[in-house]
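According to this note's numbering, the sequence shown is numbered sequentially starting from 172.
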Amino acid sequence: MSKPLVQLTALGQSPWYDFITRDLVHSGELARLVREEGLRGMTSNPTIFEKAITGSSDYDADMKTLGEKKPAEIVESLMIADVQAACDVFRPLYDAAGNGDGAVSIEVAPTLAHDTAGTITEAERLWERVARPNVMIKVPGTKAGLPAITHLIARGINVNITLLFGVGRYREVIDAFADGLMARIAKGLPIDGIHSVASFFVSRVDGKTDHALEGAGDTGKPLLHRIAIANALDAYGVFTESLETDRWKTLAKHGAHVQRPLWASTSTKDPSLPDTYYVDALIAPETVNTIPPTTWDAYADHGTPEVRITDETIAAARAELSAYANLGVPSLDTITKELEDEGVEKFAASWNDLLGAVAKQVKELSEAS
């Protein structure tokens, strides 16, 4: 019997790794995961890089060399080196897959989440500096991020839209992606080499809706631990519906690749739930699941792969969302907006912590030499 994570690919879902360190890439472990465990791509974010850079001495030599530069420039150089190396490991898979698998994501500074022009400038610079066709530039799916998405797609840059919580914003992201492709077509430029994913965050939604449901008493109990999954299923329904539009059919004729939904934040935060709860619930064709190491290991050990997002489960999920809306608790729109704001703040805080930690480490290395 094939391994659970390998089976996901056979079912149309691509498991990506929500983790990167220099040792993972250079030790050969990343190549082994690709070769033997079904790994199909990789994502990173400021929190991941903060742990990677401050959690080992692997970066000390580079920090000594880059010591005269500003902390933000040092961090960017360290991140780019890791992403380039990972892209090179994934490149054969990227060339063979043709659907955006084999991509590695790198994020613009989260402090630019509400700065359209700044996001565009940094994304274009990262694209040029990494200089690998299988890099994806992560752009927050904030209101300010939407025109940046359109601009970058029109430039032919692969984009991973991150920090999506609400289905309404996800609809806007689908439109922003299509607008970028249409802009290229209008200029007579090809669109068949562009790949994008829309990263829809899952478990954090339950963190807030469960709290609201507990306050609703017995009427809320049947919906506990259900709203995050229902929200994601609703998003997948929107995705499949978007592929039936005349606009998408026009884009498909020009060779467009679908912008796959990517399930993010799929580790289980509530210890009362199975550790594979969200991964198992969200299996469907044309999706990606970016999985952190602990959840990856759990799924490899006892995941139960089976397509669980269907027309029937989407209809049931939408019924659950309607039931939630009728309870008189804080609306899902309110909660997902809060989560977006908090997500931006948390990633910005991780970014600033990382800059501070690197500055401190560079100083210590300089004093020790």
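Positions of the beta carbon are idealized from the N, C-alpha and C atoms, including for glycine. Computed from a predicted model, the values in this text were never measured in an experiment.
Measuring only the C-alpha atoms, how far is residue i from residue j?
i	j	result
A520	G527	10 Å
S215	C258	12 Å
H366	A539	45 Å
R262	P464	22 Å
L237	D189	27 Å
L414	A243	40 Å
Y448	D468	14 Å
V275	F336	22 Å
A181	S537	51 Å
D472	N460	17 Å
A435	L334	9 Å
I251	K534	22 Å
Buried or exposed: residue i, going by 16 or more other Cβ atoms within 10 Å of its Cβ?
i	result
S438	buried
I455	The residue asked about is misnamed: residue 455 is Ala in this sequence, not Ile. Buried: at least 16 other Cβ atoms inside 10 Å.
E516	exposed
L204	buried
K531	exposed
A349	buried
P476	buried
S198	exposed
G359	exposed
L444	exposed
P186	buried
S374	buried
R206	exposed
Spatial neighbours of residue i within its chain, please: C-beta separation below 6 Å, excluding the five flanking residues on both sides.
i	result
I485	L404, G408
I356	H425
G474	P175, T447
T192	A223
Is there at least one Cβ from chain C nearer than 7 Å to residue i's Cβ?
i	result
V533	In the structure shown, chain C does not exist; there is a single protein chain.
I'd like the list of long-range same chain contacts for residue i, defined as Cβ closer than 7 Å, with 5 residues on each side in sequence excluded.
i	result
A406	V338, Y341, F371, P432
A387	L498, V500
D286	A315
I320	V310, V330, I332, V344, A347, F348, G351
A452	I400, R479
Span of the beta strand (DSSP E) holding residue i?
i	result
Y188	184-189
L334	330-335
Using the DSSP secondary-structure output, state which residues sit across from residue i in a beta bridge.
i	result
M307	S276
L433	S370, V459
M353	Answer by DSSP bridge pairing: none, since M353 is not bridged.
M213	Y188, V275
Could you give the first and the last residue of the continuous alpha helix (DSSP H) run that contains residue i?
i	result
R203	200-207
I251	242-268
V515	503-539
L394	Unbroken run through L394: none, as it is neither H nor E.
S413	398-413
A490	482-496
G327	No alpha helix (DSSP H) holds G327; DSSP gives it neither H nor E.
Less than 8 Å between C-beta atoms, sequence neighbours within five positions excluded: which residues of the same chain meet that for residue i?
i	result
T218	K517, F518, S521
E491	L394, R397, I398, A401
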